[in-house]
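Trainee: Just so we're aligned: 187 in our numbering is position 137 of the sequence shown, and the numbers increase by one with no gaps anywhere.
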Amino acid sequence: MSKGAPLAPGDAIGILGSGQLGRMLAMAAARLGLRTLIYAPESGPACDVATQTIIAPYEDEAALSELAARVGVVTYEFENVPAHTAQFLAARLPVHPGPTALATTQDRAVEKRFLNALGVPTAPFLEVDDAAGLATALAALGRPAILKTRRFGYDGKGQIMIREGMDVEASWLALGGAPCILEGLVPFTREVSVVAARGRDGSFAAYDVCENVHENHILALTTVPARMAAEAAAEAVAMAARIATALDYVGVISVEMFHVVDDAGERLVVNEIAPRVHNSGHWTLDGAVTSQFEQHVRAVCGWPLGSTGRHGRVEMRNLIGQDANDWAALLAEPGACLHLYGKHEARSGRKMGHVTRIFPD
Ligand code: AMP
51 MSKGAPLAPG DAIGILGSGQ LGRMLAMAAA RLGLRTLIYA PESGPACDVA TQTIIAPYED
111 EAALSELAAR VGVVTYEFEN VPAHTAQFLA ARLPVHPGPT ALATTQDRAV EKRFLNALGV
171 PTAPFLEVDD AAGLATALAA LGRPAILKTR RFGYDGKGQI MIREGMDVEA SWLALGGAPC
231 ILEGLVPFTR EVSVVAARGR DGSFAAYDVC ENVHENHILA LTTVPARMAA EAAAEAVAMA
291 ARIATALDYV GVISVEMFHV VDDAGERLVV NEIAPRVHNS GHWTLDGAVT SQFEQHVRAV
351 CGWPLGSTGR HGRVEMRNLI GQDANDWAAL LAEPGACLHL YGKHEARSGR KMGHVTRIFP
411 D
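(1) Among all the DSSP beta bridges, which residues are the ones paired with PHE138?
(2) Quick check on ALA270: does DSSP put it in helix, strand or coil?
(3) Give every residue of the same chain whose Cβ lies closer than 8 Å to the Cβ of ALA133, excluding the five residues on either side of it in the sequence, and list them in chain order.
(4) Could you tell me whether any non-hydrogen atom of the ligand AMP is closer than 7 Å to the CB of ASN166?
(5) Taking the straight line between their C-alpha atoms, what separation do you get for ARG114 and THR135?
(6) Classify LEU225 as helix, strand or coil using the three-state DSSP reduction.
(7) Between LEU232 and ALA195, how many whole angstroms is the CB-CB distance? I'm expecting something under 8 Å.
(8) Spatial neighbours of GLU285 within its chain, please: C-beta separation below 7 Å, excluding the five flanking residues on both sides.
(9) By DSSP, does ASP298 sit in helix, in strand, or in coil?
(10) Do ILE65 and the ligand ZN come close, with the Cβ less than 7 Å from some heavy atom?
(11) Going by C-alpha to C-alpha distance, which of LEU165, ALA119, GLU129, TYR108 sits closest to ASN295?
(12) Please state the DSSP three-state secondary structure of LEU152.
(13) When DSSP builds the beta bridges, which residues end up paired with SER243?
(14) Starting from CYS97, follow the beta strand (DSSP E) in both directions and report where the run begins and ends.
(15) So, for MET402: in the same chain, excluding its five sequence neighbours on each side, which residues have a beta-carbon less than 8 Å away from its beta-carbon?
(16) Would you tell me roughly how many angstroms separate the C-alpha atoms of THR125 and ARG400, rounded to the nearest one?
(17) Between which two residues does the alpha helix (DSSP H) carrying ARG163 extend?
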């Protein structure tokens, strides 16, 4: 197969990361007659369903060369892959999304500067590198404000809300002294996300805007469509398209946004970009013509994107920790579509599965 040519059924996709997103990608690939190779430092739920597995550190160049020799394209289910890993692989075979998209979205400051340069609104923010810088930033942005590590944050980890009366030095030390940004608080009405895909040929397809409720910083519930004016929904999708095009993106991209409704009307503020399939798109497995996982596979293989049509009003609830113990009752519920990720230990805060329910529109 020549470099960059579309894959054919029977070819293999390399996936960096072994979590549940990789598992659902591998299952979607299998349905289309494709094989998958999971590459990750540790075994995980994806390994149970993939054709092959390489367990090695992301820095292991011999193992990465082996991966490159065995697959036609590499993608990821986990965005904190070291930049050098993506570059090493991209020098050998197609990697989608590419190293630029990865580098832009791994660092909150770089991502926000990129968004603002595109004319996409974000929360006001300042870069903070030490306690003195935090004091200056707090004076400029006011309290409460949210201090976030620039890198490696997820599910609310690596961030704290700084309220009136809280000590600056202690707040700085709470995040371990890592480079941070301080963000002003956005007075949002709801949180929404756009899950969309861009093909190798530049084609673009978005699902309807999703509305997301978080509990303890973890996504609890997604409902589709989001409650918002049609113009605001169109604007959300247009922003995602602008972002994907500017990153020359290939694959599924997810853009989390705050929907602000006030006397001035409705507006959208982008919170963050995930360069991968996203938890708020899990409803598409049962609720859309093409799931986000199949869509991602289609995009990275150089295949046409599928329809993002929705089968009804959809609700997706995450099963966190012990929630998954209700599996038998969920199986018995007519119309509930249960997905379990095959994780052995139901630690608190761990995503164990999800359940989708579809209602008439
Ligand atoms: P993040 O890790 O950036 O996705 O933030 C986790 C959650 O914290 C978001 O889903 C929001 O609920 C909340 N949050 C983060 N940043 C802001 C902000 N600037 N204003 C208001 N809420 C925020």
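From the three backbone atoms N, C-alpha and C, an ideal C-beta is built for every residue, glycine too.
Just so we're clear, the structure is a prediction, and the values are computed from it rather than from any experiment.
Mentor: So, to answer that:
(1) None; PHE138 has no bridge partner.
(2) strand
(3) PRO149, LEU152, ALA153, GLN156
(4) no
(5) The question names Arg, yet the displayed sequence has Leu at residue 114. So the two alpha carbons sit approximately 8 Å from each other.
(6) coil
(7) 5 Å
(8) LEU318
(9) coil
(10) Within the structure as shown, the ligand ZN is missing, the only ligands being the ligand AMP.
(11) One detail in the question is off: residue 295 reads as Thr in this sequence, not Asn. When only C-alpha atoms are compared, the closest one is LEU165.
(12) helix
(13) CYS260, GLU306
(14) CYS97 -> no beta strand (DSSP E), and no H or E assigned at all.
(15) LEU369, ILE370, GLY371, ASP373, ALA374, LEU390, TYR391, LYS393, ALA396
(16) 24 Å
(17) 158-167
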